[in-house]
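**Student:** Mind looking over this structure? Questions follow.
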Amino acid sequence: MAGRWYKPLVGTAFLLAALSSAPAMAQNKTLTISWWGFNGDKLEEIVLKPFRAQCGCELVFETGNNADRLNKIKIRGGSGVDVVYLTDSYSQIGIQEGLFQPVDRSKIPNLNGIYELARAPQGQFGPAYTIGRVGIIYDSAKVSAPITSWNDLWREDLKRRVSLPGITTTAGPMTVLVAANKAGVDPYKDEKAAFKALEQLKPNVVKNYNTGSELVNLFSTGEVSVAMAQDFTLAQIQAAVPTVRWAELKEGDYATLNTVNIAKGAANPDLAHQFINFVLDPKIQQTLAERGVDAPVATAVQLKPEEAARWTYGQKMISSLKRLDYEKLNAAKTDWLDAWSEVFGK
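Under the working numbering, think of the first position of the sequence shown as 477, with each following residue one higher.
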């Protein structure tokens with residue numbers, strides 16, 4: 477997911493090397509992919525090399541974070557790339573700004589074998605190729621009673637022991653939804669009540685973190701023992717602090733989806749559909765999950781318990797996730813940024 481600390485594919489150098497080694501016949505058949513570039517070595521082995529062999533095409537890349545890459549596509553009017561990887565909050569922005577084209581589902585037969593949540597999370601546009609979740613992690617050796625509800629973040633015994641994601645991170649805006657639920661209000665209609673609840677939570681908060689590595693350090697040093705977090709951080713934190721647990725919350729966790737779309741001005745839309753279908757192939761999904769790259773969305777994937785433990789995996793877990801209305805959330809973000817600064821910037 478976005479924000480991980482994996483080794484990236486090197487953007488320009490990787491692109492030039494790929495082009496210089498390409499046979500002349502492939503020069504006119506090129507797929508340009510916009511993505512983060514995390515886990516470059518593993519993706520080259522599991523996805524890119526076999527796809528090149530299948531399509532007889534060349535692959536080039538535009539890498540960077542969600543905001544930067546989406547902005548480049550916007551500046552170019554939806555052209556310059558074929559396939560676009562984004563978190564669902566950013567792909568929603570791209571959809572609203574007309575930067576993507578609807579996918580032709582008849583050209584992606586592997587859609588039939590993935591979880592329903594992933595098939596069409598944003599209508600006629602691209603599917604999710606992996607699903608994550610946002611919940612609560614805690615150090616069971618330092619927290620007296622298990623955490624079983626989002627409202628437990630406000631517990632008196634957790635004073636100066638909690639870390640929340642910064643408001644500009646993927647999980648950050650979800651803190652407002654959690655606070656609104658605590659206050660019993662609609663966050664889009666009564667922002668003040670939601671942020672009043674966050675202000676009441678502030679005595680428990682040690683620090684707002686902005687990266688996964690920062691959260692790992694906070695647990696490793698013992699500065700925090702509870703955090704609202706994305707699930708991809710769990711394995712790294714448990715490696716440092718084995719007593720950390722994922723809380724089983726009665727209200728459920730929030731779903732986070734990584735989507736793959738086709739740009740409006742894609743030069744090779746047919747090849748883009750072929751690539752999306754390839755990424756959703758159960759065998760590819762199986763290997764990606766086993767090798768620690770992404771949680772699988774293909775229902776045919778079967779993981780061992782120790783493999784499954786790191787992922788949002790299985791119909792029961794996925795059906796329990798809370799989906800977000802990113803159209804509403806994105807519209808509210810600007811006001812929430814100001815209100816967040818009022819609470820945590822003091």
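For glycine and all other residues, C-beta sits at the position ideal for the given N, C-alpha and C.
Whose C-beta lies closer than 7 Å to the C-beta of P585 among residues of the same chain, with five residues either side of it excluded?
**Tutor:** What you label residue 585 is simply residue 109 of the sequence shown in a count that begins at 1. Cβ neighbours of P585 beyond the five flanking positions: N753.
**Student:** Quick one: Cα of S510 to Cα of R631, how far?
**Tutor:** Reading the sequence shown from its first residue, position 34 is the one you call residue 510. Reading the sequence shown from its first residue, position 155 is the one you call residue 631. Answer to the nearest angstrom: the Cα atoms are 43 Å apart.
**Student:** Between which two residues does the beta strand (DSSP E) carrying I549 extend?
**Tutor:** Along the sequence shown, read from residue 1 onward, the residue named residue 549 stands at position 73. No beta strand (DSSP E) holds I549; the alpha helix (DSSP H) holding it covers 542 to 551.
**Student:** What do you get for E538, buried or exposed, if any count of 16 or more other CB atoms within 10 angstroms of its CB means buried?
**Tutor:** Numbered from its first residue, the sequence shown carries residue 538 at position 62. E538 should be labelled buried.
**Student:** Kindly provide the ranges of any alpha helix (DSSP H) runs that are 4 or more residues long and lie completely inside the region 593 to 675, ordered along the chain.
**Tutor:** 650 to 659
**Student:** By Cβ distance, which residues of its chain are closer than 8 Å to H749, with the 5 residues on each side in sequence left out?
**Tutor:** For the purposes of this step, residue 749 is identified with residue 273 of the sequence shown, where counting begins at 1. Cβ-Cβ distances below 8 Å link H749 to V579, D580, K583, I584, I738 in the same chain, with the five nearest sequence neighbours on each side left out; the list follows chain order.
**Student:** Comparing the C-beta of F820 with each C-beta of chain B, is any distance below 8 Å?
**Tutor:** This model lacks chain B altogether, as it is built from one protein chain only.
**Student:** Tell me whether E521 is buried or exposed, calling it buried when 16 or more other Cβ atoms sit within 10 Å of its Cβ.
**Tutor:** Position 45 of the sequence shown, counting from 1, holds the residue named residue 521. So E521 counts as exposed.
**Student:** Which value, in whole angstroms, describes the spacing of the CA atoms of S555 and D544?
**Tutor:** One-based indexing of the sequence shown puts residue 555 at position 79. One-based indexing of the sequence shown puts residue 544 at position 68. Their backbone Cα atoms lie some 15 Å apart in a straight line.
**Student:** Where in the region 663 to 736 do unbroken runs of the beta strand (DSSP E), each at least 3 residues long, occur, reported from the N-terminal end onward?
**Tutor:** 681 to 685, 702 to 706, 720 to 722
**Student:** So Y789 and D564 are in contact, right, with Cβ under 8 Å, and what is the actual spacing, rounded?
**Tutor:** Here residue 789 is taken as the residue at index 313 of the sequence shown, counted from 1. Here residue 564 is taken as the residue at index 88 of the sequence shown, counted from 1. 18 Å between Cβ atoms; not a contact.
**Student:** On the premise that R721 lies in contact with V682, defined as a C-beta separation below 8 Å, what is that separation, rounded to the nearest angstrom?
**Tutor:** Residue mapping note: residue 682 aligns to position 206 of the sequence shown, counting from 1. Residue mapping note: residue 721 aligns to position 245 of the sequence shown, counting from 1. Not a contact, Cβ separation roughly 19 Å.
**Student:** When DSSP labels each residue in this structure, what does F751 get in the three-state scheme?
**Tutor:** As a first step, residue 751 is located in the sequence shown; it is residue number 275 there, counting from the start. Three-state result, F751: helix.
**Student:** On a Cα-Cα basis, can you pick out the residue from I571, G728, I590, V536 that is closest to N627?
**Tutor:** One-based indexing of the sequence shown puts residue 627 at position 151. Checking every option, the nearest Cα to that of N627 belongs to G728.
**Student:** Could you tell me whether the region 664 to 672 touches the region 691 to 699, using the rule of 3 or more Cβ pairs below 8 Å?
**Tutor:** no
**Student:** By the three-class DSSP mapping on this structure, what secondary structure does T512 have?
**Tutor:** Taking the first residue of the sequence shown as position 1, residue 512 is located at position 36. The identity of residue 512 in the sequence shown is Trp, whereas the question assumes Thr. Coil.
**Student:** Taking just the CA atoms, how far does T508 sit from N686?
**Tutor:** As a first step, residue 686 is located in the sequence shown; it is residue number 210 there, counting from the start. As a first step, residue 508 is located in the sequence shown; it is residue number 32 there, counting from the start. Approximately 30 Å, taken between the alpha carbons.
**Student:** Can you have a look at E818 and say buried or exposed, based on whether 16 or more other CB atoms are within 10 angstroms of its CB?
**Tutor:** Within the sequence shown, numbered from 1, the residue matching residue 818 stands at position 342. By the neighbour-count rule (16 or more Cβ atoms within 10 Å), E818 is not buried but exposed.
**Student:** Are the region 605 to 618 and the region 699 to 708 in contact at 8 Å, needing three or more beta carbon pairs?
**Tutor:** Taking 8 Å as the limit for Cβ pairs, the verdict is that the region 699 to 708 does touch the region 605 to 618.
**Student:** Quick one, are the C-beta atoms of K804 and P649 less than 8 Å apart?
**Tutor:** By one-based count along the sequence shown, residue 804 stands at place 328. By one-based count along the sequence shown, residue 649 stands at place 173. At least 8 Å separates the beta-carbon of K804 from that of P649.
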